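Protein chains in written order, with the working numbering: chain A, 1 to 428; chain B, 1001 to 1428; chain C, 2001 to 2428; chain D, 3001 to 3428.
Think of the CB as a built atom: it goes at the ideal place given N, C-alpha and C, for glycine as much as any other residue.
This one's a predicted model, so the numbers in the text were calculated from it and none came from an experiment.
Structure, as structure tokens:
Number of protein chains: 4
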Amino acid sequence: MYIIKRLMEVLRDQTGHTETYLPDVMTISIQDKSDRHAAVTDPEVNTFHRAIASIVVLAQCFGLLPVHGVTAPSAQSLRFRWASARVVYTAFVLCLLLFMVLFCSLYTLQIGGSFQDAQCMIFYGIGTATYAMFLEIARRWPRLMVQWSTVEQKQSCYGPSRRLRLKIRCITAMILSGAAVEHLLNEYNNLKFAAQQANTTTSIIRQYMLKSHHHLFNYVGYSHACAAVATMAGALATFSWNYMDLFISITSIALAERFRLLNRHLQNVRGKTLPGQIWKQIREHYTSLMDLTDTLNLCISHMVLLSFGSNLYFICLQLFNTLGRLAKWYERVYFYWSFGFLILRTVTMSLSVASINDESHLPRSVLFAVPARGYNVEVSRFLQLVTTCEVALTGLNFFSVTRTMLLTMAGTIVTYEIVLVQFSHNDS
Amino acid sequence: MYIIKRLMEVLRDQTGHTETYLPDVMTISIQDKSDRHAAVTDPEVNTFHRAIASIVVLAQCFGLLPVHGVTAPSAQSLRFRWASARVVYTAFVLCLLLFMVLFCSLYTLQIGGSFQDAQCMIFYGIGTATYAMFLEIARRWPRLMVQWSTVEQKQSCYGPSRRLRLKIRCITAMILSGAAVEHLLNEYNNLKFAAQQANTTTSIIRQYMLKSHHHLFNYVGYSHACAAVATMAGALATFSWNYMDLFISITSIALAERFRLLNRHLQNVRGKTLPGQIWKQIREHYTSLMDLTDTLNLCISHMVLLSFGSNLYFICLQLFNTLGRLAKWYERVYFYWSFGFLILRTVTMSLSVASINDESHLPRSVLFAVPARGYNVEVSRFLQLVTTCEVALTGLNFFSVTRTMLLTMAGTIVTYEIVLVQFSHNDS
Amino acid sequence: MYIIKRLMEVLRDQTGHTETYLPDVMTISIQDKSDRHAAVTDPEVNTFHRAIASIVVLAQCFGLLPVHGVTAPSAQSLRFRWASARVVYTAFVLCLLLFMVLFCSLYTLQIGGSFQDAQCMIFYGIGTATYAMFLEIARRWPRLMVQWSTVEQKQSCYGPSRRLRLKIRCITAMILSGAAVEHLLNEYNNLKFAAQQANTTTSIIRQYMLKSHHHLFNYVGYSHACAAVATMAGALATFSWNYMDLFISITSIALAERFRLLNRHLQNVRGKTLPGQIWKQIREHYTSLMDLTDTLNLCISHMVLLSFGSNLYFICLQLFNTLGRLAKWYERVYFYWSFGFLILRTVTMSLSVASINDESHLPRSVLFAVPARGYNVEVSRFLQLVTTCEVALTGLNFFSVTRTMLLTMAGTIVTYEIVLVQFSHNDS
Amino acid sequence: MYIIKRLMEVLRDQTGHTETYLPDVMTISIQDKSDRHAAVTDPEVNTFHRAIASIVVLAQCFGLLPVHGVTAPSAQSLRFRWASARVVYTAFVLCLLLFMVLFCSLYTLQIGGSFQDAQCMIFYGIGTATYAMFLEIARRWPRLMVQWSTVEQKQSCYGPSRRLRLKIRCITAMILSGAAVEHLLNEYNNLKFAAQQANTTTSIIRQYMLKSHHHLFNYVGYSHACAAVATMAGALATFSWNYMDLFISITSIALAERFRLLNRHLQNVRGKTLPGQIWKQIREHYTSLMDLTDTLNLCISHMVLLSFGSNLYFICLQLFNTLGRLAKWYERVYFYWSFGFLILRTVTMSLSVASINDESHLPRSVLFAVPARGYNVEVSRFLQLVTTCEVALTGLNFFSVTRTMLLTMAGTIVTYEIVLVQFSHNDS
């Protein structure tokens, strides 16, 4: 109580002849009354933990992110235990995919290792790595979410984000439905191809399985049970590959949203004279967001590298492989959808991650506009923080995901594509 | 009044034994007397709003930038209304160009999509995007110009720029006349080609239209009315493409000129001991220019990206397409003019935009040369501002347009050209 | 005594109502009691000089790093003398390798200089350069190690590193055993090839020598003595090439470990209010580590450049040369082992060197988290140091070895590989 | 007098219990006694103006850098006059070379413009541009040299540089003799080729002229007078091309030497406590060196761009053109000498220019090592200067010449070479 009183005095002294300034909390309370009201009645609704719950539950159906307490109201309830059914399920899927990688590798080595055969090995390899990484993330997830909740509670004065839930739902719907359509088109293509070489339903399925999993049935005899397992493995790998991008996008957007709320508050006090105490508070909020970014980076930077690498690889290869070899209309439809969706998903994921960096730069212009009499050591420290630290998710610290880096990546893709297409042209 | 008196006292105290210094406003008033006299008698003449008026009017003849109040003496009169004849005109052109894109796309897909056919689709695509972007800019134009006018009024102590109007006229004349010559040469080429295959005037025109718009007449039957519309669409797309570069150049030059005026003033006080109050004023002027750059960037960064992308694409492709296939002298003349003009326009535009960044760096050396006794917290803040903030227009925040970036782009063009030319050589 | 007393007072005043803080030395002493105990009983055991002794002795068996006093307990005993048996040995090996380079050059010029023949010349050239560089390093080694020891003694309050010795041993074992296997596989390949063209043991050896050293026996007649010398030269060059990477890795890891110990201490005081005196001490420790990095960089930056250059060259060339020309199983085994080991060694070396840079950034976040009342000019100076200086080993100052640079290098390799593979494909 | 007395007091107070420190000037006077003695007896001997005099005179023999007063003892005597015999001579050479460019262009256009023919046009184009640029530099030379002299006089306390004259002579001797040998080898090659097709001396010369200047004699009839003029034009262009690199190297080395002298002084005071007054003086010296760099950059940045561009072009092209087409031994000798010399000259020039940037970074570590009690606002300003300003010559502000940039250029050359060589290989 004494502190607030003292603060008000300081405030009154310092702001003397300038614009009157309603202290931090009041400004917000007037402006976002409706929001805050909702927040008070149901304080847990707008946490990130709650917002992401359903998406994590979906992942757990496919064996990803095996933590307990996902649907609990508070992040404190999250637990990771090695000895749990969810981890066993994940381990089982991991083994299944490892087997697929093994068979693909054997096949590739035996055949001689062209790019097209290696593609299968790489696809299952990415799937396996994704499952392993989500297991690793699951171990760190409870701590991360507790830190996140603490940040959200401490910074609840900036109000909740109304747009976050909507954004998360849109991206989830877009990526998952797109992936489903792509998977179905792929199956249709394979079935159509199989139907050309067989006439009974059973033999069509047999033919289809032999085509789409020839690396497996080359070593084990064909059986329907085995075919079912292989189909499941394919579906799981496809899902995990898509979910990886979705997961990175969502966490990035949620983090960027925290920065955005802080920036919105800063815009409100642009050009005003605030006491050092309030600058100190905002600076500490910014610092805790930076720490949260570091923690998140520690958790998912492996996955960011894998995601960028695999998307880069498949964009280059898919265009190169398919160019000029599309005879049938359904082949074309599959190719355009598949390629367009790949590009769209990569761009969505990239821009989501880069938005953290974008938002983190914005306080700069507000801080430079602080009037001369409001300038103090806290503003100076905040400014140094904002101008010298790069806040961004990284790919295992090899690169920071910023807009500039995305342009570099796009340039790399174009260069590789030009060289590869020229190769393919000379070849034929 | 009290403040000025106080300031003079501070001034007298601080400058004690050093060079006597005439306060800011006086120095300027003596030096630029003639300029300031003109400025007083007709204060509105030298605003950017007035300087660009005729060029915006020209754009509106072609349906670009549909705002009202362009020729009014003050920027306050600018208005954008959805329900106005100008917006309807713009919307009509937009629809026309969209139709052209549609026909080109259909044709390209049907033929199979070689690079040369896609060129037509991309050309009209760029035209459509340009019109859409200018519509978006028009919405933000009134606010931008009001902010610009405010900056000009507040910084009128630096005197008006005599060179700005001249520069704008030179660039406009150069780009528009160059584009006109290129367009005529192109038509001459097409007519000449048509004349080889027909003998009556009507049939020549018919032949010419069929050649230059075969993607259209492949779907709709030939008619003179249709041909006229197609010709108009081509002219509009060509104009908008050229105007885009012109518009970016002019706004950039005008902004860079504001920085240049501030720098000229700074050069005058180089090495002198000024009171903090004056440094504060200059710093705030610089900050408001930075804010203006941010606002301008928000308006036209989409267009900068489109402009750089399209120029990069056409430079690479035009050289590649035409190399070694120029039989007739008029084909050669057209190619050399067209390519030379494309390079010239791109370089002009790039250097204009980069000049903002160039000028924004210059205060640095003056600030480092501030003598020890004139150094205070305001100089320190100004220095931090200048050394840590990159002031530049960007391409949708993916890249800042600086001289270094232009070199990178030139290097990219050379690399692509080498690979593509090699491709073409091996091919034949 | 007075100073400590005074310090305690300052401490008590400053930390007033915040977390109580045990002064620097105490915290450490409690936490790392066991370590410090060990350190007190045998203070020299954990120095870098002692840790690297056995590895330097191994190098001296092959004529590298000819200094005296390597096994002495203190770095003070290290001496370099031109007139010593070790230097004479080194000079002899250097001459031998120079002869090999001469013969290879002659052969390459005579044949006409294809890439594959130049490879032998480059291999021996790298070997010669390595020996010359280690001679240069040997001259500076005593001074470097004395500086290193001083740093270790002054910073002994951070405790010894238990992991350093283990890390050094692991990397040594990995690189040397890997290189041995690779060398044996290579010899086996050559012998197998020779065995196809001869039947008696003597003639096999003769054939084998003629194949693997044809550039030599083309000029001098075959003799068993000559063959033995050539074999020795090959082994020495191979060892020196591998040892170069090992040496760079080990020194880098040891230096990064010093930064890591300092960072561990900083993490312990995160968010606490320390007196300026203690910040001053930590800053000076950090500065002395920076100076040590500079000294080390002066010693081995030539070698870093050579190492990166040669690895880049051999990775590109080996893949290109061998692709699709592996008929026999032992050829395949040799190729995969050789290529995998080359990649592994390069990555190990690169990440070791980059870890110095990684560790040097970490104090930043602790310094930004210093609470407002603990912020003083020392923290500010430390922060400026950390944010503006890039601490890293360099390749002759042409590039700093950081994680970002490693990504650039990887991208370059991929680009070159794509172009070269395309070349090879079109060729056949 | 009072100030010095006061300063000594401050000094005594501040350095209290630390190392005793002899004020700036004394330290120097003791250390460099012999140097300073020489400097006092003949103060003008060691100026850059005197050191470069003979090299400028040499240039004037070939019509470059037409200024008056080059051999005068003081830089104050330098004058540039449009109406002088030297400028007329330069203008004459410029016209001559312009004619050659004209004939080459005509020939290239007529033939069809292959790379090899364009080479001649580009060679004379570079020569013409060099003469024009040296004319421009001549206009600014007097002012630059006066500024340079002022800096040298004000910083004479750092002692003269003994190594500068030696360095300048070595580089001059190396580049000019290398260029002479290359020119003679080229003539020998051409004569040898001519001798194969003619038998009398006159006809050999005729044949030789026709071969080496076919672009000229294709338009004007052959005459000995005309041949003499053409030979002279060739020699002038060759000289100017080599002299350009030499000139850039020498001025860069001289400037870097000034930074080196300042750094040597800084190393002497490393870790000592100096009063702010002395730091102020050193900082101002550093600032004036930065200003000198800016002025020099304004003078020769055009030439730096031209030099880098032309060297990059000729390195790429010469290797590509000649590869695998060297039948005779003298052709090989010419090629290896020419290519080796080109690389050597480029590397010398690049490293000379980059050395300015290298030296400008060195004060940083000294400033960070300033002890806590010697830290004041002057040290802080100096530090900010050193850490935020990049001091380097630039290529027309498109790139700063630093070591990092040289590596990028080397990488670009290798990439282009790989693509071009592949092209050449597929071609044949």
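Within-8 Å CB hit, residue i to chain C
i: A3256 (chain D); result: no
i: T108 (chain A); result: no
i: R3260 (chain D); result: no
Rounded C-alpha distance that separates residue i from residue j
i: T2231 (chain C); j: L3406 (chain D); result: 39 Å
i: V353 (chain A); j: T238 (chain A); result: 22 Å
i: V3269 (chain D); j: V1370 (chain B); result: 25 Å
i: L1344 (chain B); j: H3215 (chain D); result: 29 Å
i: V1414 (chain B); j: E3390 (chain D); result: 28 Å
i: A2195 (chain C); j: Y2208 (chain C); result: 8 Å
i: M2008 (chain C); j: V2377 (chain C); result: Confidence at M2008 (chain C) is low in this model, with a pLDDT of 49, below 50, so the placement of that residue is unreliable and no value is reported for it.
i: V88 (chain A); j: I2418 (chain C); result: 42 Å
i: E1959 (chain C); j: N2189 (chain C); result: Past the edges of chain C, shown from 2001 to 2428, lies residue 1959 (chain C), and the structure says nothing about it.
i: L1094 (chain B); j: L1065 (chain B); result: 12 Å
i: V3040 (chain D); j: R3050 (chain D); result: Confidence in V3040 (chain D) is poor, its pLDDT being 42 and thus under 50, which makes the residue's placement too unreliable to answer from.
i: M290 (chain A); j: T150 (chain A); result: 14 Å
i: R2403 (chain C); j: G1127 (chain B); result: 43 Å
C-beta neighbour in chain D for residue i, strict 8 Å
i: T1027 (chain B); result: Model confidence at T1027 (chain B) stands at a pLDDT of 42, short of 50, so the residue's coordinates are unreliable and nothing is read from them.
i: I1343 (chain B); result: no
i: I1418 (chain B); result: yes
i: F2399 (chain C); result: yes
i: K2280 (chain C); result: yes
Whole-Å CB distance - residue i paired with residue j, under 8 Å assumed
i: V181 (chain A); j: W329 (chain A); result: Actually they are not in contact, since the Cβ atoms of V181 (chain A) and W329 (chain A) sit about 16 Å apart, beyond 8 Å.
i: L3078 (chain D); j: P3142 (chain D); result: 4 Å
i: T387 (chain A); j: R373 (chain A); result: About 22 Å; that fails the 8 Å criterion.
i: Y1313 (chain B); j: L1385 (chain B); result: That belief does not hold up - the Cβ atoms of Y1313 (chain B) and L1385 (chain B) are roughly 37 Å apart, past 8 Å.
i: L3351 (chain D); j: L3367 (chain D); result: Rounded, the Cβ-Cβ distance is 26 Å, inconsistent with contact.
i: Y2124 (chain C); j: T2090 (chain C); result: The Cβ separation is near 16 Å, so there is no contact.
Within-8 Å CB hit, residue i to chain B
i: Q387 (chain A); result: Note that residue 387 (chain A) is Thr in the sequence shown, not Gln. True, the Cβ-Cβ gap to chain B drops below 8 Å.
i: G411 (chain A); result: yes
Proximity test, Cβ basis, 8 Å: residue i and chain A
i: R2264 (chain C); result: no
i: K2364 (chain C); result: One detail in the question is off: residue 2364 (chain C) reads as Arg in this sequence, not Lys. Chain A, which has a Cβ nearer than 8 Å to the Cβ of R2364 (chain C), makes this yes.
For residue i, the residue or residues it bridges with in DSSP
i: R3079 (chain D); result: D:H3068
i: S3400 (chain D); result: D:T3394
- Task: Assess, as a yes-or-no matter, whether the region 1392–1404 of chain B is touched by the region 389–407 of chain A under the definition of 3 or more beta carbon pairs within less than 8 Å.
- Result: yes
- Message: When you compare the region 244–252 of chain A with the region 305–315 of chain A, are there three or more beta-carbon pairs, one atom per stretch, that lie closer than 8 Å?
- Response: yes
- So, do the region 2260–2277 of chain C and the region 2186–2201 of chain C have three or more beta carbon pairs nearer to each other than 8 Å? Not touching, per the Cβ criterion.
- Message: Measuring CB atoms only, is the region 270–290 of chain A touching the region 96–103 of chain A, in the sense that at least three cross pairs come out at less than 8 Å?
- Response: With a cut-off of 8 Å, the region 96–103 of chain A and the region 270–290 of chain A do not count as touching, because too few Cβ pairs lie within range.
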